[in-house]
Structures are given as structure tokens and as C-alpha cells.
Amino acid sequence: MLKRLLTVVNLLAAISSYAQDKPMVFKGALIYTVAGPPIQNGTIIIHKGKIVSTGPSDTKIPSNAVVVDATGKVIMPGLVDSHSHLGGPEGGDASAALNPDARAMDAINPTSDGFKKALAGGITTVNVMPGSGHLMSGQTVYLKMREGKIIEDLLIINEKGLYGGLKMANGTNPMRTTPGNFPGTRAKSAAMMRELFTKALEYKSKADKAGSDTSKMPERDLRMEPLLEVISGKRIVHFHTHMANDILTAIRLGKEFGFKPVLHHVSEGWKVAKEIAEAGLASSIITIDAPGGKMEAMGLSLETGAALEREGAAVGFHTDDGITDSRLFIRGAALMVREGMSREKALEALTFAGARMLDLGSKVGSLEKGKDADFIILNGDPFSIYTKIEQTWVEGIKRWDILNPKDKAFLTGGYDVYSPIRSEFHHHAGEQ
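The structure is reproduced here in C-alpha cells:
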């Protein structure tokens, strides 16, 4: 069974060619499935982009499999970044503070080298957001780090049949006095969001009364359609919020209009961890380990992860790239562990918890049978500063390898690595 024994060190182009045609087996690694306890000397089998099985060393291996000796390595699910700005996403403009009809999908450059940078950080699934300078900046987009030249190549559809959520924000970012009827206060911010959701309920009522009579249907309104998806629980609201009072306002709005937002950042989440848990909401948090930023984030604490965990609230992590570099994503979880978060919940927060926040938990986030074969190979403990991610695999295809000099350049930097001209030229020239 080990006739095709290869070492991780020698996993180059030859193995990728087998990824879809024959089963691949990685043996001997410490495997964090996230769905259960770690497996020492474990075995993971993948085929045609999916996980066939994950188990102990005596797991039965298909006779035609390509076997990789991963002894001494660590394998864990690909990381899920629940909040990023890769690819230059855009949303609403200065004409209005509420832009639920704007789609990040229509602005992202899928050939951006930022995606390769994210792969160097072990990220395999990402929620790309428009900015937070609006009360509603627009619709987010969920992407898988496949190779692709058009945005449709990267889309991942969730359990609700959508490929994105809705970005909302409160606090100082959308509180500006530029033209376009932006709010100048926190109270006005909440009032404007309530007003638009109330209009959405009125729009829904007219549509419900019309039933199958198309002549009585209200005129199509692109601003209302995503809000109806939010109210029905189909589209997830990703809510940028920092201070404790703003977090509570976000919770309040969700209760009023029947949706459960994922709370993003929650710099002062440690102050209202109990309230977040009681509301049954998940929080996607960020780790900032350098001074600077905005005044409303001054209360940010590395103890937030532990505080939310103690209260039983779901916790995930994000980069907000470029606030935190995608290559350093896993380090953020390590810092939260240092301040009291459990290792188990921190690993889950990097993977499965983030997947659930996007309604993608049935597809990604853990190494379970039937899920996408998204995983990373590390040379040591995930939370050690000495550990490096060596490979990133997406749907059974090796997308990043530290031993490939072109790939490694995205990890270590170097002259002109992220030049837009270089990126476009090499994509058209076939360099990956």
C-alpha cells in the first residue's frame, strides 16, 4: 500500500496531477479535525475534491491511492476568514448612507495577488466585505481560494443558496457629515436603519398580499430584495461594531426586525459578553497587536475571546485584511489563547465557527467525510511562533507550497511581489 510513498518535502507538481484522478492519503500527521479530538499518527483520505475519511493509522487505504508520508507534520482544516477586504471590494458611494443593493461581487478583482497572500496564511474560504463607511455598505461575497480569472470561479454557495451576506455598520465609521444624508450621531444611525427596515416590511406586506397576482405586485426594488432576505433569515447580516453601546444597538435592531447578525470586531465585547451570549449571537473578532487605530477601538482586549467563550457565545476570527495581514491570521488566535481562550475553541474559531457564521458549516471548516478537501499542512504546533504553514490545499488541489519559490515570495515579500502590473502580467502569461 505504500508503493507510492512520498515525503511532504517532495510534494511538488507531480502530486497535484493525481489530486482528482486517484485518492490521496496523508499518513502519520497529528490531525486536528476540529469536529473531534486530535488524532495522533492520523490518516486523511481525499478524492475528487472531497474528504473520504479521517481516522487513525490503521484506517483502510484504497489500493490505488497516492500515499504521502506526513510524519511529524500537523494537518488541520483550511482557515475561514469571516471578514476581509481582499481584491479591492467596493460598496456604496457617497450618495447615500444605506446601500443594500451594492454588491462587492461586482467590484472584486479575482486575479489580485492578495488571494495568493491569503493562501500563504492558510486561508481557504473568505468573506469579502465592502467597507464600513456606510450604515449599509452592500452585499458581501463568500469566496473559495480556487484558481480563477473571473469572480464566478471563486464563488461558494452556502446552505441558504446565497454567496454572500449584507454588511452593516454603526459607530464612528458611518457617522460622517458628507453629502448623501449620512448620520451625524449614533441615535440617527439607528433611526435610519430602522426606517429602511420598516420600508422593507411594508414592501413585504404588499408582496404577500399580491400573492400570485403579478398585477398587484409592488414595483421591483433592488434595495428591498436583500433586506427581505435578511428579515426571512436567508441572508446573514455582518455587523461592524466596536463599543459596548453600539454592540447592544446592533443586538436591539436584530431583535426588532427578526434577524440574528454576526457581530464583527466587538472591541468591547468583553464588557457585554453575557448579553451577546443571551442573544444567541456569534462574534467574529480581530486581534490587533500594535498601537494605533481609532478611539472607539481603544477598549479592544485580547481577553475578549476568553470572555465570550466563558459565556458560551460562538466566537470566530477575522483579519479585516489589510488591517491585519492575511499571512498572520493564525497568530491572532494564538494571542487569544495566551490571554485565556482555550486551544480547542481557538482552533474552532479559525475554522468551523467561521464557516457556520457564513452558513457554510456543512461544506467547510472541519475535516469530516463529505466536506471539501480544504486543509493546511504545518511543521509544528499551530500556535507556536516557530511554526510555519507549509502547504495550503483547496478542494484537493495544492494551491500554495512554501517550497515553491514563486509561492514563498508571497509569504516573505520581496521586490515587486504585489505590483498590480506584475500580477496581471503573470496571470495572462500563465505564471501561478
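Residues 0 to 431 in numbering that gives the first Met the number 0 are what the sequence shown lists, from first letter to last.
Built from N, CA and C at the ideal position, the CB exists for glycine as well.
For G137, the three-state secondary structure derived from DSSP is strand.
By the Cβ neighbour-count rule, Y162 is buried, with 16 or more other Cβ atoms within 10 Å of its own. Rounded to whole angstroms, N157 and D68 show a C-alpha spacing of 34 angstroms.
Inter-residue distance for Y202 and P217 is about 7 angstroms (C-alpha atoms, whole angstroms).
Note on the stretch 223–286: whole alpha helix (DSSP H) runs with a minimum of 4 residues are 223–230, 243–256, 272–277, in chain order.
Per DSSP, reduced to three states, the secondary structure at G353 is helical.
About 5 angstroms separates the CB atoms of I45 and M23; that is less than 8 angstroms, so the two are in contact. Taking A333 as the centre and dropping the five residues before and after it, the same chain places the C-beta of F382 closer than 7 angstroms to its C-beta, in chain order.
A straight-line Cα-Cα distance of about 43 angstroms links L366 and A206.
With a 10 Å radius around the Cβ and a threshold of 16 neighbouring Cβ atoms, K59 comes out exposed. Taking the Cβ atoms as the reference, P225 lies roughly 6 angstroms from L165, within the contact range of under 8 angstroms. Runs of alpha helix (DSSP H) with 4 or more residues, each lying fully within the stretch 90–146, are found at 113–119, listed in chain order. If you draw a 10 Å sphere on the C-beta of D400, you find 16 or more other C-beta atoms in it, and that means buried. Just measuring C-alpha positions, the residue of L301, E338, K407, F328 sitting nearest T123 is F328. For the options L134, S282, F181, the alpha carbon positioned closest to that of N169 is the one of L134. In this structure L307 is buried. Its beta-carbon is surrounded by 16 or more other beta-carbon atoms within 10 angstroms. A direct Cα-to-Cα measurement between K72 and N180 gives close to 55 angstroms.
The Cβ-Cβ distance between K368 and S94 does not fall below 7 angstroms.
If you check the CB distance, S131 and H237 do not come in under 7 angstroms. The shortest C-alpha to C-alpha distance from N172 to any of G292, A276, T70 is the one to G292.
At a Cβ-Cβ threshold of 7 angstroms, V65 and K21 count as neighbours. The DSSP-derived three-state label of K397 is strand.
Three or more beta-carbon pairs separated by less than 8 angstroms are not found between the stretch 382–397 and the stretch 28–37, which leaves the two stretches without contact. Taking a 10 Å sphere around the C-beta of P178, we find fewer than 16 other C-beta atoms and assign the residue as exposed. Inclusion of I285 and H241 in the CB contact set at 7 angstroms is not warranted, their separation being larger than that value. DSSP places G77 in the coil class of the three-state scheme, outside both helix and strand. When D245, A345, S341 are compared, the shortest CA-CA separation from M174 is found for D245.
For a cut-off of 8 angstroms, the C-beta gap from K259 to G253 is around 6 angstroms, short enough to register as a contact.
In this structure, DSSP gives D371 an extended state, which the three-state scheme calls strand.
In the DSSP annotation of this structure, M167 is not part of any alpha helix (DSSP H); the continuous beta strand (DSSP E) holding it starts and ends at 165–168. Going by beta carbons, D100 and R222 fall inside the 7 angstroms limit. Taking a C-beta distance under 7 angstroms as the contact criterion, M356 and S81 qualify as a contact pair. Beta bridge pairing from DSSP links I30 with I38, I74.
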